[in-house]
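A.B. asks:
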Ligand SMILES: C[S@@+](CC[C@H](N)C(=O)[O-])C[C@H]1O[C@@H](n2cnc3c(N)ncnc32)[C@H](O)[C@@H]1O
C-alpha cells in the first residue's frame, strides 16, 4: 500500500529528531496527526497528497512557515521560534500554527513547490582541509571552481577560522565564522601561501546571498532550533558581503565543460553534497570532463578534483561522508578524511 502523507510526515519528524531538531520532531509529528484528522494541515496541503517522498513535503511546509516567521508575518507563532528569539513549546505553538495555516493559507502555499535549499557552511571545514593538503605539494595560487554552489558561501572557505582539537588553528582569527571544533585526527599543514585568485561557483538554482530574498531562502530551511547553524549562516552572509564570489546559473555539465586550466595556477574543482542530485548521465559526463582536464594538467598548471560527498571507500564499504582529493599530474585518488553530514567535525586520516 502506498505510504500516506501522514506516514511521510511521521518519518520526517523522526529524522528531524535524530538529526538534532526536537522542535521539528514534535511539530511535524503533531502535523501528521492533524493530517489524519483532516485539520488545517490537511487543508493547506490539498493537492499534494501524492507528492513523491523525496520531495520532502514536510520540510517544504516547515520551511514555508519558517520564512513567514522570519519575515514577522506569522503573528503569535514567532514567540515559539528560537530563530527569532522565541522558545519552543508545542502546546502553546500549535494553536498559533493552525491559525497561521487558516488565515494565511495562500502565503504558506506559495513556497510548497520550492525544493528546500540550504548552503551548509560547516562543509567548508572539510573542503578547505583539501586545499591545505594541495598546498603541501604546490604553492601556486588557486583558481577555485564549484558545482552545486547554492549561495556560494563555501567559496569563501579561506575567510573562515578553524581549530583542530589538538589546538592547531587556521584562517583569519577575526573572522565572524568560527569553527571551534572543526578538525580531529592527523594535523594539517599551515600552508601560509594559500591564495585564492578566482572564486566561481555554479548551480541550477543559484541563490544570491547579496539579496534579502536570497538570505531568507537559505535561512528558512535551517531548522529553527539549530541556533549554531543559524548563527554560522548569518556570520557567513557577513563574510560574503566582504569577499565577493560569482555564482553562475549553470548545470554542472555545462559549467565543467567550459573549464580550462591556465599556467601559473592550480585549478581546483570542488563540490559538496550535490553529486546525488545529478542524473547518472550527467554524473558520467562531469566525470569525463574531469578526465579531460586531468589529461591537460602539468607541473605549472595542476588540476585538483576535491569533494565531500556521501560515498564508499571500497565498493563493499558503508557509505560515509568522505573528503576525497584527486590531484594531477601524478596523483591518484586519496581519501583525506571523514566528515559529519554537515561537515563538522572532519576527522583527517
Ligand atoms: C544539498 S545542496 C548543497 C549545496 C552546497 N554544495 C553545500 O554543501 O551547502 C545541492 C545543490 O546542488 C544543486 N544542484 C542540483 N543539481 C544540480 C546540477 N545538475 N548542476 C548544478 N547544481 C545542481 C542544487 O540546486 C543545490 O543548490
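In the working numbering, the protein residues as written are 98 to 446.
Every residue gets a Cβ at the ideal spot worked out from N, C-alpha and C, and that includes glycine.
Can you name the residues that DSSP bridges to residue 318?
C.D. replies: Taking the first residue of the chain shown as 1, we reach residue 318 at position 221. Per DSSP, none; premise fails for residue 318.
A.B. asks: Using 8 Å as the threshold, is the C-beta distance between residue 161 and residue 197 below it?
C.D. replies: By 1-based counting over the chain shown, the position of residue 161 is 64. By 1-based counting over the chain shown, the position of residue 197 is 100. No, the pair does not count as a contact, with Cβ atoms beyond the cut-off.
A.B. asks: Ordered along the chain, which non-local residues of its own chain (more than five positions away) have a Cβ less than 8 Å from that of residue 410?
C.D. replies: The residue you call residue 410 lines up with position 313 of the chain shown. Same-chain partners within the cutoff: 417, 419 and 432.
A.B. asks: Out of 313, 384 and 399, which has the shortest C-alpha to C-alpha gap to residue 169?
C.D. replies: Along the chain shown, one-based indexing puts residue 169 at 72. Checked all of 313, 384 and 399; the closest Cα to residue 169 is 313.
A.B. asks: In or out: residue 374 buried (at least 16 other Cβ within 10 Å) or exposed?
C.D. replies: As a working note, residue 374 is residue 277 in the chain shown. Exposed, by the Cβ-count rule.
A.B. asks: Which runs of the alpha helix (DSSP H) spanning at least 4 residues fall entirely within the segment 341-396, listed in chain order?
C.D. replies: DSSP runs (the alpha helix (DSSP H)) wholly in the segment 341-396: 349-354 and 377-393.
A.B. asks: Are the Cβ atoms of residue 407 and residue 344 separated by less than 8 Å?
C.D. replies: Looking up residue 407 in the chain shown gives position 310. Looking up residue 344 in the chain shown gives position 247. The answer is no: Cβ separation not under 8 Å.
A.B. asks: Taking C-alpha atoms, which residue in 250, 346, 440 and 387 lies nearest to residue 356?
C.D. replies: The count along the chain shown starts at 1 and reaches residue 356 at position 259. It is 387.
A.B. asks: Thinking residue 257 and residue 276 are a contact (beta carbons under 8 Å), I'd like their distance in whole angstroms, please.
C.D. replies: Taking the chain shown and counting its residues from 1, one reaches residue 257 at position 160. Taking the chain shown and counting its residues from 1, one reaches residue 276 at position 179. Contact holds; Cβ gap of about 7 Å.
A.B. asks: In three-state terms, what does DSSP make of residue 157?
C.D. replies: One-based indexing of the chain shown puts residue 157 at position 60. It is helical.
A.B. asks: For a test of your reading of the model: does the CB of residue 297 fall under 7 Å from any non-hydrogen atom of ligand 1? Yes or no.
C.D. replies: Counting from one through the chain shown, the residue named residue 297 turns up at place 200. No, since every heavy atom of ligand 1 falls outside the 7 Å radius drawn around the Cβ of residue 297.
A.B. asks: How is residue 401 classed by DSSP in three states: helix, strand or coil?
C.D. replies: In the chain shown, residue 401 corresponds to position 304, counting from 1. Three-state result, residue 401: strand.
A.B. asks: Let me confirm a value: residue 321 is counted as buried when at least 16 other C-beta atoms fall within 10 Å, else exposed. Which label applies?
C.D. replies: Within the chain shown, the letter at position 224 stands for residue 321. With 16 or more Cβ atoms within 10 Å of its Cβ, residue 321 is classed as buried.
A.B. asks: Ligand 1 and residue 414: does any heavy atom of the ligand fall closer than 7 Å to the residue's C-beta?
C.D. replies: As a working mapping, residue 414 is identified with position 317 in the chain shown. Not under cutoff, so the answer is no.
A.B. asks: Quick one: does the C-beta of residue 349 sit closer than 7 Å to a heavy atom of ligand 1?
C.D. replies: Taking the first residue of the chain shown as position 1, residue 349 is located at position 252. It does: the Cβ of residue 349 is within 7 Å (strictly closer) of some heavy atom of ligand 1.
A.B. asks: Just the Cα atoms here: how many angstroms apart are residue 435 and residue 173?
C.D. replies: Within the chain shown, numbered from 1, the residue matching residue 435 stands at position 338. Within the chain shown, numbered from 1, the residue matching residue 173 stands at position 76. About 42 Å.
A.B. asks: Kindly list the residues whose CB is nearer than 7 Å to the CB of residue 146, restricted to its own chain and excluding five residues on each side of it in sequence; keep chain order.
C.D. replies: The count along the chain shown starts at 1 and reaches residue 146 at position 49. Cβ within range, chain order: 102.
A.B. asks: Under the rule that 16 or more other beta-carbon atoms within 10 Å means buried, what is residue 412, buried or exposed?
C.D. replies: The residue you call residue 412 lines up with position 315 of the chain shown. Under this definition residue 412 is an exposed residue.
A.B. asks: Go to residue 221, then tell me how far its alpha helix (DSSP H) extends in each direction, as first and last residue.
C.D. replies: On the chain shown, position 124 is the one that residue 221 refers to. Start and end: 221-231.
A.B. asks: For residue 293 versus residue 306, is the C-beta spacing smaller than 8 Å?
C.D. replies: Counting from one through the chain shown, the residue named residue 293 turns up at place 196. Counting from one through the chain shown, the residue named residue 306 turns up at place 209. Their beta carbons are not under 8 Å apart, which means residue 293 does not touch residue 306 by this criterion.
A.B. asks: Where do the ends of the beta strand (DSSP E) carrying residue 280 lie?
C.D. replies: Translated into positions along the chain shown, residue 280 becomes position 183. Where residue 280 is concerned, the enclosing beta strand (DSSP E) stretches over 275-282.
A.B. asks: Go ahead and label residue 427 buried or exposed: buried means 16 or more other beta carbons lie within 10 angstroms of its beta carbon, across all protein chains shown.
C.D. replies: Here residue 427 corresponds to residue number 330 of the chain shown, with the count starting at 1. It counts as exposed.
A.B. asks: With a cut-off of 8 Å on the beta carbons, I'd call residue 449 and residue 442 a contact; round off their distance for me.
C.D. replies: No statement about residue 449 is possible, as the shown extent of the chain runs from 98 to 446 and does not include it.
A.B. asks: Is there contact here, the segment 323-330 with the segment 186-194, by at least three beta-carbon pairs under 8 Å?
C.D. replies: These segments do not touch.
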